[in-house]
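S.K.: This is the structure, below, for whatever I ask next.
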Amino acid sequence: MMKRFLALLFCLASPLAAQDFSEGSEAKTWNLYAEVPARFEAQVVDILCTITGDCPDNCGDGRRQLGLLRSADGVLVYPNKNSQPAFTGAAVELRPFCGQDVEVDGLMIEDPDLAAKNIYLVQKIRTMGSEDWVKANRWTKDWAKKHPEAKGKGPWFRRDPRVSAYIAESGYTGLGEEADAALIKELFE
Amino acid sequence: MRPGPTSLLAALALTLATPSLAAEGERVQIRGEIIDTWCYYSGVMGGPDAVVGTAHHTCAMWCSAGGIPVGLLGDDGQVYMVLKIEGDDASASGDTQLSLASHEITADGMLYKRDGLNYLVVEKVVTDHGITNHNHEDYGVVPGFAIPKPKQ
Chain S
1095 MMKRFLALLF CLASPLAAQD FSEGSEAKTW NLYAEVPARF EAQVVDILCT ITGDCPDNCG
1155 DGRRQLGLLR SADGVLVYPN KNSQPAFTGA AVELRPFCGQ DVEVDGLMIE DPDLAAKNIY
1215 LVQKIRTMGS EDWVKANRWT KDWAKKHPEA KGKGPWFRRD PRVSAYIAES GYTGLGEEAD
1275 AALIKELFE
Chain B
-6 MRPGPTSLLA ALALTLATPS LAAEGERVQI RGEIIDTWCY YSGVMGGPDA VVGTAHHTCA
54 MWCSAGGIPV GLLGDDGQVY MVLKIEGDDA SASGDTQLSL ASHEITADGM LYKRDGLNYL
114 VVEKVVTDHG ITNHNHEDYG VVPGFAIPKP KQ
């Protein structure tokens, strides 16, 4: 009797981090040191709401970071990144799925040296029951719609009005013109 | 009637197996640098010493504006994922977070821990020490293309 309970206890309490979520994953590698393909089912949640109970409507209407509450083990996975190699996060990609049960595919980052745990790069998403995946790559289109005044050549981050204003004010290093000038001289002359 | 060992084991099993629905908060004061967490955790731009400070300032702004989560890299070496600063809950591309990119701050707020990560709700930036990590002297600029080549 006691042995059976201990076995049950072990099964229930074992960290499911040991679970392999790579089965069936079609995630593309980014050749990152600590990446592991991970495909799993989850609910899309507002992280601040889940952590503290501060819960506005619609997951904060795009202001807040969104998380993935994994169905298999209740672990809160933090999607840091969408699938674009362009300094772009995942909240925009997950926002249409706020509160929904979804399946996601991407790369998990688990690096004990940096205490990286349950950090995720999401590459595609689909509502549970749907056949069709949605690629997690619409951030730059979303940005372009919000910033028609910044239309032009080159990547968004060279044209972003807020970033450009900060660079104009305090330079690429944040220390001002003098520090930048010395660095630019060292880099390019 | 006292609970028997079977009841105690069942209760323990239930407690361990049930994911916590809301984490308990703890009042803390933490000094550290506002960083972009993806570059730090993923190593995509290099080692952890190179993806902070002045060397990485422009990239930190790009990532913050791009909606990548911002963290506070504490003096204790721990990363605290910042969810809110002084009432501003715009943790995805918000103005307050962007304004503090690479700044060393002393933050007072509530710390929550869940599933291996630290979460911080900053109630007050007690001191903004400015950008204090001048590591461009060691690393130049990271990534290398953050500063465009000046036009002749």
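Protein chains in written order, with the numbering used here: chain S, 1095 to 1283; chain B, -6 to 145. Quick reminder that beta carbons are idealized off the backbone N, C-alpha and C, glycines included. Predicted model, so just to flag it, every value in this text is computed and none were measured.
Could you spell out the range, first to last residue, of the alpha helix (DSSP H) harbouring Gln1194 of chain S?
M.R.: Looking up residue 1194 of chain S in the first sequence gives position 100. Counting along the chain, Gln1194 of chain S falls outside any alpha helix (DSSP H), and DSSP gives it neither H nor E.
S.K.: What did DSSP end up calling Phe1251 of chain S once you bin it into helix, strand or coil?
M.R.: As a first step, residue 1251 of chain S must be located in the first sequence, where it is residue number 157. DSSP places Phe1251 of chain S in helix when its eight states are reduced to three.
S.K.: How would you write the range of the alpha helix (DSSP H) that Glu1283 of chain S sits in, first residue to last?
M.R.: Counted from its first residue, the first sequence places residue 1283 of chain S at position 189. From DSSP, Glu1283 of chain S is part of no alpha helix (DSSP H); its letter is neither H nor E.
S.K.: Ignore the nearest five residues each way along the sequence and tell me which others in Met1202 of chain S's own chain have a CB closer than 6 Å to its CB.
M.R.: For the purposes of this step, residue 1202 of chain S is identified with residue 108 of the first sequence, where counting begins at 1. Excluding sequence neighbours, Met1202 of chain S sits near Val1130, Ala1132, Tyr1214.
S.K.: Can you list, in chain order, the residues of its chain whose CB lies under 7 Å from that of Tyr132 of chain B, leaving out five sequence neighbours each side?
M.R.: Here residue 132 of chain B refers to the residue found at position 139 when the second sequence is read from its first residue. Cβ neighbours of Tyr132 of chain B beyond the five flanking positions: Ala43, Ala48.
S.K.: Starting from Tyr1214 of chain S, follow the beta strand (DSSP E) in both directions and report where the run begins and ends.
M.R.: For the purposes of this step, residue 1214 of chain S is identified with residue 120 of the first sequence, where counting begins at 1. Per DSSP, Tyr1214 of chain S belongs to the beta strand (DSSP E) from 1210 to 1221.
S.K.: Closest Cβ-Cβ distance between Ile1219 of chain S and chain B: below 9 Å?
M.R.: Here residue 1219 of chain S refers to the residue found at position 125 when the first sequence is read from its first residue. False, the Cβ-Cβ gap to chain B never drops below 9 Å.
S.K.: Taking Cβ positions, are Thr120 of chain B and Ile140 of chain B nearer each other than 9 Å?
M.R.: Start at 1 with the first residue of the second sequence, and residue 120 of chain B comes out as number 127. Start at 1 with the first residue of the second sequence, and residue 140 of chain B comes out as number 147. Contact flag unset, no.
S.K.: Measuring only the C-alpha atoms, how far is Glu1243 of chain S from Gln90 of chain B?
M.R.: Residue mapping note: residue 1243 of chain S aligns to position 149 of the first sequence, counting from 1. Residue mapping note: residue 90 of chain B aligns to position 97 of the second sequence, counting from 1. Going from the Cα of Glu1243 of chain S to the Cα of Gln90 of chain B covers about 23 Å.
S.K.: Let me see if you follow: with CB-CB separation under 9 Å, is Gln1113 of chain S close to chain B or not?
M.R.: Within the first sequence, the letter at position 19 stands for residue 1113 of chain S. False, the Cβ-Cβ gap to chain B never drops below 9 Å.
S.K.: Whole angstroms are fine: how far does the CA of Arg24 of chain B sit from the CA of Asp68 of chain B?
M.R.: The residue labelled residue 68 of chain B in the question sits at position 75 within the second sequence. The residue labelled residue 24 of chain B in the question sits at position 31 within the second sequence. Each residue's Cα considered, the two are about 6 Å apart.
S.K.: Taking the alpha helix (DSSP H) that Leu91 of chain B falls in, what are its first and last residues?
M.R.: For the purposes of this step, residue 91 of chain B is identified with residue 98 of the second sequence, where counting begins at 1. Note, Leu91 of chain B: alpha helix (DSSP H), 88 to 92.
S.K.: Kindly indicate which residue of S:Arg1220, S:Ala1128, S:Ile1278 has the alpha-carbon position closest to the one of Asp1205 of chain S.
M.R.: By 1-based counting over the first sequence, the position of residue 1205 of chain S is 111. Ranking S:Arg1220, S:Ala1128, S:Ile1278 by Cα distance to Asp1205 of chain S puts S:Ala1128 first.
S.K.: Starting from Leu1170 of chain S, trace the beta strand (DSSP E) both ways and give me its first and last residue.
M.R.: Residue 1170 of chain S sits at position 76 when you count from the first residue of the first sequence. Segment 1170 to 1175, the beta strand (DSSP E) holding Leu1170 of chain S.
S.K.: Using a Cβ-Cβ cut-off of 9 Å, state whether Gly1183 of chain S counts as contacting chain B.
M.R.: Along the first sequence, one-based indexing puts residue 1183 of chain S at 89. It does; some Cβ of chain B falls within 9 Å.
S.K.: Three-state secondary structure (DSSP) at Ala53 of chain B?
M.R.: As a working mapping, residue 53 of chain B is identified with position 60 in the second sequence. Here Ala53 of chain B sits in helix by DSSP.
S.K.: Within a Cβ cutoff of 8 Å, which residues of the same chain sit near Phe138 of chain B, ignoring the five residues on either side of it in sequence?
M.R.: Position 145 of the second sequence, counted from the first residue, corresponds to residue 138 of chain B. For Phe138 of chain B, where only same-chain residues beyond five positions count, there are no Cβ hits under 8 Å.
S.K.: Looking at Val134 of chain B: is its Cβ nearer than 9 Å to the Cβ of Leu1277 of chain S?
M.R.: By one-based count along the second sequence, residue 134 of chain B stands at place 141. By one-based count along the first sequence, residue 1277 of chain S stands at place 183. Yes. Within cutoff.
S.K.: Taking only beta-carbon atoms, is Asp108 of chain B less than 9 Å away from chain S?
M.R.: For the purposes of this step, residue 108 of chain B is taken as residue 115 along the second sequence, with counting starting at 1. Chain S contact via Cβ: present.
S.K.: Using the C-alpha atoms, what's the distance from Pro41 of chain B back to Val1139 of chain S?
M.R.: Stepping through the first sequence from its first residue, residue 1139 of chain S is reached at position 45. Stepping through the second sequence from its first residue, residue 41 of chain B is reached at position 48. Cα to Cα, the separation comes out at about 29 Å.
S.K.: Against chain S, does Asp42 of chain B count as a neighbour if the rule is that its beta carbon must be under 9 Å from one of theirs?
M.R.: For the purposes of this step, residue 42 of chain B is taken as the residue at position 49 of the second sequence. Output row for Asp42 of chain B: interface = no.
S.K.: Where DSSP assigns a beta bridge to Asp1140 of chain S, which residues make up the other side?
M.R.: For this step, residue 1140 of chain S is matched to residue 46 along the first sequence. DSSP, once it has assigned bridges, lists S:Leu1160 as partnering Asp1140 of chain S.
S.K.: Given this structure, state the Cα-to-Cα distance separating Lys1245 of chain S from Gln22 of chain B, to the nearest angstrom.
M.R.: Mapped onto the first sequence, residue 1245 of chain S falls at position 151. Mapped onto the second sequence, residue 22 of chain B falls at position 29. So the alpha carbons of these two residues sit roughly 42 Å apart.
S.K.: Let me confirm a value: Asp1151 of chain S is counted as buried when at least 16 other C-beta atoms fall within 10 Å, else exposed. Which label applies?
M.R.: As a position in the first sequence, residue 1151 of chain S is number 57, starting the count at 1. Its Cβ having fewer than 16 others within 10 Å, Asp1151 of chain S is exposed.
S.K.: Does the Cβ of Phe1191 of chain S have 16 or more other Cβ atoms within 10 Å, making it buried, or fewer, making it exposed?
M.R.: By 1-based counting over the first sequence, the position of residue 1191 of chain S is 97. Result: buried.
S.K.: Going by DSSP, name the residue or residues bridged to Glu26 of chain B.
M.R.: For the purposes of this step, residue 26 of chain B is taken as residue 33 along the second sequence, with counting starting at 1. BP columns for Glu26 of chain B point to B:Leu66, B:Glu97.
S.K.: Would you list, in chain order, the members of the region 55 to 72 of chain B that have their beta-carbon closer than 7 Å to a beta-carbon of chain S?
M.R.: Listed by position, the residues of the region 55 to 72 of chain B near chain S (Cβ gap below 7 Å) are Trp55, Cys56, Ala58, Gly59, Gly60, Ile61, Pro62, Gln71, Val72.
S.K.: Could you compute how far the alpha carbon of Arg1164 of chain S sits from the alpha carbon of Gly1147 of chain S?
M.R.: Locating residue 1164 of chain S in the first sequence gives position 70, counting from the first residue. Locating residue 1147 of chain S in the first sequence gives position 53, counting from the first residue. Taking the straight line from one Cα to the other gives about 18 Å.
S.K.: Using the beta-carbon count (16 or more within 10 Å), is Cys1149 of chain S buried or exposed?
M.R.: Position 55 of the first sequence, counted from the first residue, corresponds to residue 1149 of chain S. Exposed: under 16 other Cβ atoms inside 10 Å.
S.K.: Starting from Phe1134 of chain S, follow its DSSP beta bridges and name the residues at the other end.
M.R.: Counting from 1 along the first sequence, the entry for residue 1134 of chain S is found at position 40. According to DSSP, which records beta bridges pairwise, Phe1134 of chain S is partnered with S:Val1198.
S.K.: Whole angstroms are fine: how far does the CA of Ser1177 of chain S sit from the CA of Arg1189 of chain S?
M.R.: Position 95 of the first sequence, counted from the first residue, corresponds to residue 1189 of chain S. Position 83 of the first sequence, counted from the first residue, corresponds to residue 1177 of chain S. Cα-Cα distance, rounded: 15 Å.
S.K.: Could you tell me which chain S residues have their CB closer than 8 Å to the CB of Ala139 of chain B, listed as they occur along the chain?
M.R.: If you number the second sequence from 1, residue 139 of chain B lands on position 146. Neighbours of Ala139 of chain B on chain S, chain order: Tyr1266.
S.K.: For Phe1134 of chain S versus Ala1166 of chain S, is the C-beta distance shorter than 9 Å?
M.R.: Within the first sequence, numbered from 1, the residue matching residue 1134 of chain S stands at position 40. Within the first sequence, numbered from 1, the residue matching residue 1166 of chain S stands at position 72. A contact, by the Cβ cut-off of 9 Å.
S.K.: With burial defined as no fewer than 16 other Cβ atoms inside 10 Å of the residue's Cβ, what is the status of Gly1248 of chain S: buried or exposed?
M.R.: Residue numbering aside, residue 1248 of chain S sits at position 154 when the first sequence is read from its first letter. Per the 10 Å Cβ criterion, exposed.
S.K.: Using a Cβ-Cβ cut-off of 9 Å, state whether Ala100 of chain B counts as contacting chain S.
M.R.: Taking the first residue of the second sequence as position 1, residue 100 of chain B is located at position 107. No - not a single Cβ of chain S is within 9 Å of the one on Ala100 of chain B.
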